[in-house]
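In our numbering, the protein residues as written are 1 to 348.
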């Protein structure tokens with residue numbers, strides 16, 4: 001496991017840091033079906049207390065297959081599809097029927113096993129094995145997709161447009177949501193202040209799922225959402241981005257907002273496998289295992305190294321994380337926090 005960026009919670013408090021840290025076998029793991037989950041963060045740790053923890057601590061959950069952290073809450077899937085939630089619940093984002101916060105993981109029931117989930121600013125999305133989508137939490141900006149601005153305290157099913165088919169992926173932004181179906185369609189709902197819905201300045205809010213027409217027929221296989229921007233990868237390995245772009249996180253060479261998905265041309269001759277979005281940066285993983293980054297690098301979240309990068313730098317076109325290539329690390333998965341990045345890979 002490799003991590004880089006703001007190092008406030010890496011056992012030290014040194015501000016921004018562009019150096020590399022490699023976590024060993026006992027720390028910083030991605031979820032593992034066979035073992036407990038290891039976390040390090042703040043407030044939403046699930047350890048039964050509210051103190052900051054600067055080194056990985058084991059959460060009392062076994063058989064974790066998926067985990068997602070929102071701004072102040074988190075959720076995990078364990079075993080055959082059981083869900084546990086913890087953290088701040090002020091807006092109902094835990095789905096437990098109240099707005100109470102919980103400092104240890106609490107079980108959350110669904111009519112069927114859950115196969116995927118995502119936590120946003122103050123809302124959460126869940127996908128059951130039969131491809132149904134459920135939402136809970138804050139709804140003022142339409143991010144629940146229910147047609148109402150009311151917040152909800154327990155998961156409610158989101159009615160997808162007729163003919164859209166089963167939902168396969170869901171990603172929460174701060175106050176918007178991105179959905180991908182098994183047929184390769186993409187739908188969005190919630191706030192559109194910066195064009196993050198990809199609908200071409202549709203309206204300030206979309207209260208129900210709307211198809212992103214630019215991506216129609218492109219067979220999207222992977223999606224990601226940052227605070228105010230989003231990205232999608234098509235089956236032929238093309239990367240599209242849209243939304244807030246003032247830090248260069250869209251990778252199109254500009255620092256302006258974009259309300260429709262735009263092809264990242266710098267990567268069009270390569271094959272992108274997956275993408276992850278932080279607050280103001282974007283990370284793309286190629287099928288070859290190479291990693292490219294774009295956006296804000298002030299806190300070192302681009303992983304380019306403190307000699308290469310200025311602390312105030314923004315990169316508006318994708319640049320390769322050369323350290324990984326030099327170390328012959330083939331990356332399999334990346335995840336982004338607000339100002340840091342994690343990568344899991346193998347040395348070849």
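Where a beta carbon is used, it is the ideal one built from N, C-alpha and C, also for glycine. Since this is a predicted model, take the numbers as computed values, not measurements.
- Each residue's CA atom was taken as its position, placing residue 86 and residue 155 some 15 Å apart.
- When the beta-carbon positions are compared, residue 246 and residue 236 stay at least 8 Å from each other.
- Using a Cβ distance threshold of 8 Å, residue 4 and residue 282 do not count as a contacting pair.
- Non-local beta-carbon contacts of residue 287 in its own chain, meaning distances under 7 Å to residues more than five positions away in sequence, involve 237, 271, 273 in chain order.
- Annotation for residue 267: 239, 284, 292, 318 place their beta carbon closer than 7 Å to its own, counting only its chain and skipping 5 residues before and after.
- With a cutoff of 8 Å on beta-carbon distance, residue 121 and residue 108 are scored as not near each other.
- The distance from the Cβ of residue 295 to that of residue 337 is about 13 Å, inconsistent with a contact at the 8 Å cut-off.
- Annotated three-state conformation of residue 330 is strand, per DSSP.
- For residue 69, the pairing in a beta bridge is given by DSSP as 74.
- Taking a contact to require three or more Cβ pairs closer than 8 Å, the stretch 159-176 and the stretch 124-144 qualify as touching.
- If you draw a 10 Å sphere on the C-beta of residue 161, you find fewer than 16 other C-beta atoms in it, and that means exposed.
- Taking C-beta separations shorter than 6 Å and ignoring five residues to either side along the sequence, the partners of residue 244 in its chain run 194, 228, 229, 257, following chain order.
- About 6 Å separates the beta carbons of residue 210 and residue 187, which is inside the 8 Å limit, making them a contact pair.
- When DSSP states are grouped into helix, strand and coil, residue 157 belongs to the strand group.
- Counting only residues of its own chain and dropping the five nearest sequence neighbours on each side, residue 178 has a CB closer than 6 Å to the CB of 171, 188, 223, 225, 230.
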